[in-house]
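Chemist: Pasting in a structure now, in C-alpha cells, and then I'll have a few things to ask.
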C-alpha cells in the first residue's frame, strides 16, 4: 500500500488548487449577492433578475456580474463601510455624551466653587446654583 504512487505531489497540488478556486468562487458569490442587495440604484426587478441569474447559472452569472457591475462593487463596499463606521461613531458619541455631561457638571461645579472662593457669590447662591447643576 504505497500512497505516494497512487497520489503524486502534482496531483495533491492540483487538488489544493481546485479547492482554493472553489472556495474563492463561493466567497465571490456571497459578495456579489450582498452587493446586489446593498445597491440602492437597482430596482426590485433588476435585483431579482441579477439574483436569479447568479443563482440559476452561478458560474456564468458571477462572471457576467463582475464584468458588468464589478467596477462599482468597491465603491459600494466603501460607502457601506463608511456608513457603518459613521453609525458606530455616532453611537459612541451619544453614549459617551452622558459621561461627558457628568464631566461638564464637574467643570461647572469647579468654576462655581472658584467664583464663591473669590467672594463673587454668597454661600446661599452657591447652594442654589449647585442644586441647578446637579439636578
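Numbering (our numbering), first residue to last: 5 to 139.
Backbone N, C-alpha and C define an ideal beta-carbon position, used for all residues, glycine too.
Source: prediction; values computed, not measured.
Count Cβ pairs between the stretch 79-90 and the stretch 115-125 that sit closer than 8 Å; are there 3 or more?
Modeler: No contact exists between the stretch 79-90 and the stretch 115-125.
Chemist: Suppose the cutoff is 7 Å on Cβ atoms and the five residues either side in sequence are ignored; what does the same chain contact list for residue 39 look like?
Modeler: Within the chain shown, numbered from 1, the residue matching residue 39 stands at position 35. If we look at residue 39 and ignore the five residues flanking it on each side, its Cβ neighbours are 77, 80.
Chemist: So, at 7 Å on beta carbons, what are the nonlocal neighbours of residue 130 in its own chain, with the 5 sequence-adjacent residues on each side left out?
Modeler: Position 126 of the chain shown, counted from the start, is the residue given in the question as residue 130. The answer, listed in chain order, is 116, 120.
Chemist: Taking the runs of the alpha helix (DSSP H) that are 4 residues or longer, which of them lie wholly in the stretch 24-87?
Modeler: Counting only runs of 4 or more, we get 48-60.
Chemist: Among the candidates 128, 67, 84, 85, whose CA atom is the shortest distance from the CA of residue 30?
Modeler: Position 26 of the chain shown, counting from 1, holds the residue named residue 30. Among 128, 67, 84, 85, the Cα nearest to that of residue 30 is on 67.
Chemist: Given this structure, state the Cα-to-Cα distance separating residue 41 from residue 63, to the nearest angstrom.
Modeler: As a working note, residue 41 is residue 37 in the chain shown. As a working note, residue 63 is residue 59 in the chain shown. Near 19 Å, if we compare the C-alpha coordinates of residue 63 and residue 41.
Chemist: Starting from the C-beta of residue 58, find all residues in its chain whose C-beta is less than 8 Å away, skip the five residues before and the five after it, and write them out in chain order.
Modeler: Indexing the chain shown from 1 puts residue 58 at position 54. Hits under 8 Å: 33, 36, 37, 40, 65, 66, 69.
Chemist: So the candidates are 82, 134, 123, 25; which of them puts its Cα closest to the Cα of residue 111?
Modeler: As a first step, residue 111 must be located in the chain shown, where it is residue number 107. Closest option to residue 111, Cα to Cα, is 134.
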